[in-house]
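Trainee:
In my numbering, the protein residues as written are 920 to 1132.
(1) State the DSSP-derived secondary structure class of residue 1056, mapped to helix, strand or coil.
(2) I think residue 976 touches residue 959, with their Cβ atoms under 8 Å apart; what is that distance to the nearest whole Å?
(3) Assuming contact is defined by CB atoms lying nearer than 8 Å, are residue 1062 and residue 1034 in contact in what I supplied?
(4) Below 8 Å between beta carbons: does that hold for residue 982 and residue 1003?
(5) Quick one: give me the first and last residue of the alpha helix (DSSP H) that residue 1103 is part of.
(6) Between residue 1126 and residue 1104, which are expected to be in contact by the criterion C-beta below 8 Å, what is the C-beta distance as a whole number of angstroms?
(7) Take residue 1006 and list the residues in its own chain whose beta-carbon comes closer than 6 Å to its own, dropping the five residues that flank it on each side.
(8) According to DSSP, what are the bridge partners of residue 983?
(9) Have a look at residue 987 and residue 1029 and give me their C-alpha separation to the nearest angstrom.
(10) What's the gap between the Cα of residue 990 and the Cα of residue 970?
(11) What separation, rounded to the nearest whole angstrom, lies between the Cα atoms of residue 1018 and residue 993?
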């Protein structure tokens, strides 16, 4: 993962990938995980997603991780939250406000625990193919036994459009999470096209339920 690339995107406010409203796929398919309020939720590479606030309305503990400190500060400022900020190490800060805890810094080295629920809308598809195996392995190491992931991916001809976001098709999802129960939930062939004039002959958004056995 090119950290300088993502830091630059946030610094220059080139964040066409950011959704200003709660992702309707989260609202529709989160119940498929049979979540309970006492179950904590991990959101990797969360940006300043408003999905964090929606999840915090449903759960007592929501933990986000985001590389860009600009994004984390923007999230709290835009929601008029005043978080407690703690310097965890030389490379990580922890922002805390009520049910929300957000680490700023590298996801792979953040001091995380294990979680019964994970929501991934934008993390896996931000990974180039060379890093996906490492990312999936680390994600599963953070998922408690019997835990569940709601995963949102994109499927498009990779040779027609450069990422990120990258295409991660069904075969790739099944291979990355081999050994888990992988359930296909939805495919939207009318998904919004990516920003910046990028184009492909088709562009679909897919939703998956991953269950750790």
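Just so it is clear, CB atoms sit at the ideal spot from N, CA and C, and this is done for glycine as well.
Mentor: Result, derived from the coordinates:
(1) Taking the first residue of the chain shown as position 1, residue 1056 is located at position 137. The answer is helix: DSSP assigns residue 1056 an H, G or I state.
(2) Here residue 976 refers to the residue found at position 57 when the chain shown is read from its first residue. Here residue 959 refers to the residue found at position 40 when the chain shown is read from its first residue. The Cβ separation is near 14 Å, so there is no contact.
(3) Indexing the chain shown from 1 puts residue 1062 at position 143. Indexing the chain shown from 1 puts residue 1034 at position 115. Going by C-beta atoms, residue 1062 is nearer than 8 Å to residue 1034.
(4) Against the chain shown, residue 982 aligns to sequence position 63. Against the chain shown, residue 1003 aligns to sequence position 84. Contact: no.
(5) Numbered from 1 along the chain shown, position 184 holds the residue referred to as residue 1103. First-last for residue 1103: 1100-1107, but that is the beta strand (DSSP E), not the alpha helix (DSSP H).
(6) Within the chain shown, residue 1126 is the residue found at index 207, counting from 1. Within the chain shown, residue 1104 is the residue found at index 185, counting from 1. Confirmed, about 4 Å.
(7) Within the chain shown, numbered from 1, the residue matching residue 1006 stands at position 87. The residues are 1012.
(8) Numbered from 1 along the chain shown, position 64 holds the residue referred to as residue 983. BP columns for residue 983 point to 962 and 1021.
(9) As a first step, residue 987 must be located in the chain shown, where it is residue number 68. As a first step, residue 1029 must be located in the chain shown, where it is residue number 110. Looking at the two C-alpha atoms, the distance is approximately 13 Å.
(10) Here the question's residue 990 lines up with position 71 in the chain shown. Here the question's residue 970 lines up with position 51 in the chain shown. A direct Cα-to-Cα measurement between residue 990 and residue 970 gives close to 14 Å.
(11) Residue mapping note: residue 1018 aligns to position 99 of the chain shown, counting from 1. Residue mapping note: residue 993 aligns to position 74 of the chain shown, counting from 1. If I take the Cα positions, the gap works out to 18 Å.
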